[in-house]
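Residue numbers (my numbering): 85 to 220. For glycine and all other residues, C-beta sits at the position ideal for the given N, C-alpha and C. Being a predicted model, the structure only gives us computed values, none of them experimental.
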């Protein structure tokens, strides 16, 4: 059986927040939007429908839990959820907190401007809050 490995682009652009039953939940390194990515730890998958029925249920459950935690921690006006994969084929689900007046509101986050890094302090604080909320 093939072993799961994280796509290099996802690894370079994000930091792990938590490992759930199915996914590696990662924070994108772009402070313009609190942006999490759930990556199912299943090798060779690029589409949700390729997962087993149980894994699809787990992915839905974990996406909902992560979206709720992100909204609680950030107080976002809107949580956007999507699985695109046009550039990075490895199956991953974006969960993005949006605020009226944020960078490119109300337009999409993809392809807009250049990523702005978090300070270590801000990133660590956000990760700690997310971990605490996810563990509840």
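Residue i and residue j closer than 7 angstroms at C-beta
| i | j | result |
| --- | --- | --- |
| residue 157 | residue 113 | no |
| residue 101 | residue 109 | yes |
| residue 187 | residue 116 | yes |
| residue 130 | residue 191 | no |
| residue 177 | residue 93 | no |
Proximal residues to residue i (C-beta, below 8 angstroms), its chain only, five neighbours per side dropped
| i | result |
| --- | --- |
| residue 118 | 111, 154, 157, 158, 160, 180, 181, 210 |
| residue 90 | 108, 123, 174 |
Option nearest residue i by Cα separation, candidates the options
| i | options | result |
| --- | --- | --- |
| residue 166 | 121, 215, 102 | 121 |
| residue 124 | 115, 116, 145 | 145 |
Alpha-carbon to alpha-carbon, residue j and residue i
| i | j | result |
| --- | --- | --- |
| residue 95 | residue 201 | 15 angstroms |
| residue 148 | residue 164 | 11 angstroms |
| residue 128 | residue 86 | 8 angstroms |
Close beta carbons around residue i, own chain, < 7 angstroms, minus the five adjacent residues each side
| i | result |
| --- | --- |
| residue 97 | 112, 113 |
Beta bridge counterpart(s) of residue i as assigned by DSSP
| i | result |
| --- | --- |
| residue 108 | 103, 123 |
| residue 178 | 121, 166 |
| residue 219 | Answer is none; residue 219 lacks a bridge partner. |
| residue 152 | None; residue 152 has no bridge partner. |
Proximal residues to residue i (C-beta, below 6 angstroms), its chain only, five neighbours per side dropped
| i | result |
| --- | --- |
| residue 103 | none |
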